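S.K.:
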Amino acid sequence: MSNKPITLTQFLIEQQRAHPEFGAEQRLLIEVVARACKMIAIQVSKGALGGVLGDAGTGDNVQGEAQKKLDVISNEILLQANAWGGHLAACASEEMADPQPIPDVYPRGDLLLLFDPLDGSSNIDVNVSIGTIFSVLRAKPGVDPVSAEAFLQPGSEQLAAGYCIYGPSCTLVLTIGHGVHAFTLDREIGSFLLTRSDITIPEDTREFAVNMSNQRFWEPAMQHYVADLLAGRDGPRGKDFNMRWIASMVSDVHRILTRGGIFIYPWDRREPDKAGKLRLMYEANPMAFIVEQAGGAATTGRARMLEVTPTSLHQRVPVFLGSRNEVETATRYHLEHDAAT
Ligand code: P6P
């Protein structure tokens, strides 16, 4: 019996045998997304040599952010890779205002794929790790499967979620609802190999991740929570904390999956109606699914992330996720503040 790690393909086939609800069309979808991530990894790794850095010159995306060349390239790679398989009805992306139906020349399935094709793209030009985030839903009967409405399902309905981090190693992290598993790209054979099974996040932590420069814009409960973290062992938390902020959600979440922590992008009064910076459908929900499957927790600061009922495809949401006990503590600060006012 070989002690070489199994490939993603073997893992998915074994998962299909073990979990009949994980059908062949879902397996195909994940294989195709993984292949697209390999192609994105190649483009990302070219850096300055590939003419792929800098702004795309396409103006701002639907988020009002300048599109990077690699944002556009990554989005196209994912759309083209997923067009012909017959497993999807449509794709939704951070980079597209509306969902894109599978072209009429191909058969359509009833799966829906959502993705942030290249999250953290502000880090591209400074050579910091970035990543692709994806989420899989099934179109609901009676709803036009290529409409934005078809995608508006709570995160608890996700069939699968994952991310691929383009760092010193290219690593795909995946859940299909039965634990969280990591696959590292073996560039010599071009396959993702299983390198971590059943990843679990430590319930407690001494490390938090937030952009502190926004502190004056946070609501009082968030300011109170972070002030107590900064007070350290002499404060009400009774222990010192460390801080990390990579400004690349995939990288910050991957660290938390690896050693624990809490990641926060809170509500910010500069844009109160947007409720924060991160997007529910293709950033917060897939990461929340992964984190919960790894024994962690994910909330909006007041409610479980996976139970949020979406109202629009690109809606934003405050995000608190990571080590279960710390997320529950941060959430308690918000709920207790609400109760006292
Ligand atoms: P800020 C990247 O643009 C992103 O969407 C996430 O990956 C990251 O966590 C966050 O924004 C960083 O935001 O305001 O610190 O630049």
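In UniProt numbering, the protein residues as written are 1 to 341.
Glycine residues also receive a C-beta, built at the ideal position from the N, C-alpha and C atoms.
Nothing here was measured: the structure is a model prediction, and the numbers come from that model.
#1: Cα separation between residue 118 and residue 195?
#2: Is the closest heavy atom of ligand 1 to the C-beta of residue 249 under 6 Å?
#3: Can you confirm whether the segment 89-99 touches the segment 43-51 when touching is taken to mean that 3 or more C-beta pairs between the two stretches lie within less than 8 Å?
#4: Between residue 11 and the rest of its own chain, which residues show a CB-CB distance below 8 Å, the 5 nearest in sequence each way excluded?
#5: Going along the chain, which residues of its own chain have a beta-carbon closer than 7 Å to the beta-carbon of residue 217, five neighbours each way excluded?
#6: Can you check whether the CB of residue 102 is closer than 7 Å to the CB of residue 83?
#7: In the DSSP assignment, find the unbroken alpha helix (DSSP H) run with residue 151 in it and report its ends.
#8: Drop a sphere of 10 angstroms on the beta-carbon of residue 71, count the other beta-carbons inside from all chains shown, and report buried for 16 or more, exposed for fewer.
#9: Counting along the chain, where does the beta strand (DSSP E) carrying residue 117 start and finish?
#10: Apart from the five residues on each side of it in sequence, which residues of its chain come closer than 7 Å, Cβ to Cβ, to residue 334?
#11: Quick one: what does DSSP say residue 214 is sitting in, helix, strand or coil?
#12: Check whether chain D comes within 7 Å of residue 262, counting only Cβ atoms and requiring the distance to be less than that.
#13: May I have the straight-line CA-CA distance separating residue 126 from residue 200, to the nearest angstrom?
#14: Select from 3, 14, 116 and 90 the residue whose C-alpha is nearest the C-alpha of residue 40.
#15: Out of 321, 272, 239 and 226, point me to the one whose CA is closest to residue 296's CA.
#16: Would you say residue 347 touches ligand 1, meaning its beta carbon is less than 6 Å from a heavy atom?
#17: Within this structure, are the beta carbons of residue 91 and residue 111 separated by less than 7 Å?
#18: With respect to 6 Å, is the separation between the Cβ of residue 261 and the closest non-hydrogen atom of ligand 1 below this value?
#19: Can the beta-carbon of residue 323 be found closer than 7 Å to that of residue 205?
#20: Roughly how many angstroms lie between the CA atoms of residue 192 and residue 340, to the nearest whole one?
#21: Return the residue from the list 161, 89, 134 and 159 that minimises the CA-CA distance to residue 148.
#22: Below 6 Å, is the gap between the Cβ of residue 122 and the nearest heavy atom of ligand 3?
#23: Whose C-alpha, out of 132, 107 and 213, is nearest the C-alpha of residue 86?
#24: Specify the secondary structure class of residue 13 as computed by DSSP and reduced to three states.
#25: Got a sec? Which residues, its chain only, sit under 6 Å from residue 33 by beta carbon, not counting five neighbours each side?
#26: Under a three-way DSSP split, which group does residue 62 fall into?
#27: Determine whether the beta carbon atoms of residue 373 and residue 319 lie at a separation below 7 Å.
#28: Which residue or residues does DSSP assign as beta-bridge partners of residue 29?
#29: Would you identify the three-state DSSP class for residue 55, choosing helix, strand or coil?
#30: Given residue 294, which residues of its chain have a CB within under 7 Å of its CB, disregarding the five upstream and five downstream residues?
M.R.: From the atom records:
#1: 23 Å
#2: yes
#3: no
#4: Excluding positions up to five away in sequence, the list reads 181, 183 and 194.
#5: 268, 269 and 270
#6: yes
#7: Start and end: 148-151.
#8: buried
#9: 111-119
#10: 221, 301 and 302
#11: Secondary structure of residue 214 (DSSP, three-state): helix.
#12: Absent here is chain D; the protein component of the structure consists of one chain.
#13: Annotation: residue 126 to residue 200 spans about 31 Å, alpha carbon to alpha carbon.
#14: Taking the Cα of residue 40 as reference, the smallest distance to any Cα among 3, 14, 116 and 90 is reached at 116.
#15: 321
#16: No answer is possible for residue 347: it lies beyond the span of the chain, which begins at 1 and ends at 341.
#17: no
#18: no
#19: yes
#20: 51 Å
#21: Looking at 161, 89, 134 and 159, the one whose alpha-carbon comes closest to that of residue 148 is 89.
#22: Questions concerning ligand 3 fall outside what the structure shown contains, since the ligands it does hold are ligand 1.
#23: 107
#24: helix
#25: 134, listed in sequence order.
#26: coil
#27: Here the chain has residues from 1 to 341 only, and residue 373 is not among them.
#28: The partner list for residue 29 (beta bridge, DSSP) is empty, contrary to what the question assumes.
#29: Residue 55 sits in a strand when the DSSP states are folded into three classes.
#30: 180, 199, 200, 201 and 257
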